[in-house]
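Residue numbers (the numbering used here): 437 to 545.
Idealized CB from N, CA, C, for every residue including glycine.
If you're wondering where the values come from, they're calculated on a predicted model, not measured in any experiment.
Notes for the one structure printed next.
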């Protein structure tokens, strides 16, 4: 590598063919206000004001990262638009650990 070469981490942004493909289904944690009559997924406000839906690519990840008692719903990734129409959000965050201080009784508080 020459002194003027750009390290790979600072290279051009990934192209669509280089980006990971989301899985066909996602596990979404349910909000405490969710009920059998009205399913509501967990949406959190980020520091910059955007709303984020939390999504997990495997059930064991959801349990580990949200809490063992976290209720969830399995959805097809293609159905996120339907959820967004009912519960607006700006971004999807995959496999994020919810800090322990934001959990209660083994689930998101």
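Who are the Cβ neighbours of residue i in its own chain at under 6 Å, not counting the five residues just before and after it?
{"i": "residue 470", "result": "476"}
{"i": "residue 526", "result": "486 and 487"}
Which residues in the same chain as residue i place their Cβ atom closer than 7 Å to its Cβ, once the five residues preceding and following it in sequence are excluded?
{"i": "residue 482", "result": "488"}
How close, in whole Å, do the beta carbons of residue i and residue j come, if the pair is a contact with beta carbons under 8 Å?
{"i": "residue 463", "j": "residue 492", "result": "4 Å"}
{"i": "residue 498", "j": "residue 532", "result": "That belief does not hold up - the Cβ atoms of residue 498 and residue 532 are roughly 10 Å apart, past 8 Å."}
Which class does residue i belong to by DSSP, given the choice of helix, strand or coil?
{"i": "residue 534", "result": "coil"}
{"i": "residue 540", "result": "strand"}
{"i": "residue 545", "result": "coil"}
{"i": "residue 491", "result": "strand"}
Going by alpha carbons, who is nearest to residue i out of the options?
{"i": "residue 543", "options": "517, 518, 458 and 506", "result": "506"}
{"i": "residue 479", "options": "536, 522 and 540", "result": "522"}
{"i": "residue 511", "options": "494, 484 and 534", "result": "494"}
{"i": "residue 472", "options": "504, 508 and 484", "result": "508"}
{"i": "residue 535", "options": "455, 519 and 503", "result": "503"}
Could you check the C-alpha separation between residue i and residue j for me, to the nearest Å?
{"i": "residue 496", "j": "residue 466", "result": "15 Å"}
{"i": "residue 457", "j": "residue 513", "result": "11 Å"}
{"i": "residue 461", "j": "residue 516", "result": "10 Å"}
{"i": "residue 380", "j": "residue 528", "result": "Lying before the first or after the last residue shown, residue 380 is absent from the chain, which here runs from 437 to 545."}
{"i": "residue 468", "j": "residue 484", "result": "24 Å"}
{"i": "residue 524", "j": "residue 545", "result": "20 Å"}
{"i": "residue 500", "j": "residue 540", "result": "14 Å"}
{"i": "residue 519", "j": "residue 530", "result": "16 Å"}
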